[in-house]
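Comments concern the structure below.
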Amino acid sequence: MANEMSIDDMVKMLQEEVRKVENFDDADGRLDIASMNKQIDNANALLDILEAKYNKFDATLDAMLKEIEESEKAKKENKEEKKEENKEEKKEENKEN
Numbered sequence: 000m001a002n003e004m005s006i007d008d009m010v011k012m013l014q015e016e017v018r019k020v021e022n023f024d025d026a027d028g029r030l031d032i033a034s035m036n037k038q039i040d041n042a043n044a045l046l047d048i049l050e051a052k053y054n055k056f057d058a059t060l061d062a063m064l065k066e067i068e069e070s071e072k073a074k075k076e077n078k079e080e081k082k083e084e085n086k087e088e089k090k091e092e093n094k095e096n
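For what it's worth, numbering that gives the first Met the number 0 labels the leading residue of the sequence shown as 0, then goes sequentially.
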């Protein structure tokens, strides 16, 4: 999307859509159902875009968290392996002495 909107702009548009909902009656006081439906459709489209952005952001954070957890696990395993190696080396040194 070359003309992508920021989340703040979308929220502002949603707020404007909500303000417009209050003015759906015509000069005779009758409700303009077609205009209401159009506004609802516009608001739903914006909400869908926001939800997609949130889902993408959430998935990115989940992937980052998983990568960090795997990295921490690997570091911990390496640290434990080094401890074991050091213990074995000390045992061998003690046997030699």
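The beta carbon of each residue, even a glycine, is placed where N, CA and C say it ideally should be.
All of these numbers come straight from a predicted model, not from anything done at the bench.
(request) Would you kindly work out how many angstroms separate the C-alpha atoms of residue 50 and residue 9, rounded to a whole number? (result) Start at 1 with the first residue of the sequence shown, and residue 50 comes out as number 51. Start at 1 with the first residue of the sequence shown, and residue 9 comes out as number 10. Roughly 11 Å between the two C-alpha positions.
(message) What does the alpha-carbon distance come out to for the pair residue 14 and residue 52?
(response) Start at 1 with the first residue of the sequence shown, and residue 14 comes out as number 15. Start at 1 with the first residue of the sequence shown, and residue 52 comes out as number 53. If I take the Cα positions, the gap works out to 18 Å.
(message) Using only the alpha-carbon positions, how far apart do residue 1 and residue 78 sit?
(response) In the sequence shown, the residue the question calls residue 1 occupies position 2. In the sequence shown, the residue the question calls residue 78 occupies position 79. In this prediction, residue 1 has a pLDDT of 43, which is less than 50 and means its spatial position is unreliable; what the coordinates show is noted afterwards. Rounded to whole angstroms, residue 1 to residue 78 spans 48 Å at the Cα level.
(message) What does the Cβ neighbour count give for residue 16, buried or exposed, with the cut at 16 atoms within 10 Å?
(response) Here residue 16 refers to the residue found at position 17 of the sequence shown. Counting Cβ neighbours within 10 Å, residue 16 comes out buried, since at least 16 surround it.
(request) Can you grab the Cα-Cα spacing for the pair residue 64 / residue 71, in whole Å? (result) In the sequence shown, the residue the question calls residue 64 occupies position 65. In the sequence shown, the residue the question calls residue 71 occupies position 72. Taking the straight line from one Cα to the other gives about 10 Å.
(request) Just the C-alpha distance for residue 69 and residue 76, rounded to the nearest angstrom, thanks. (result) Residue 69 sits at position 70 when you count from the first residue of the sequence shown. Residue 76 sits at position 77 when you count from the first residue of the sequence shown. Taken atom to atom, the span from the alpha-carbon of residue 69 to that of residue 76 is near 10 Å.
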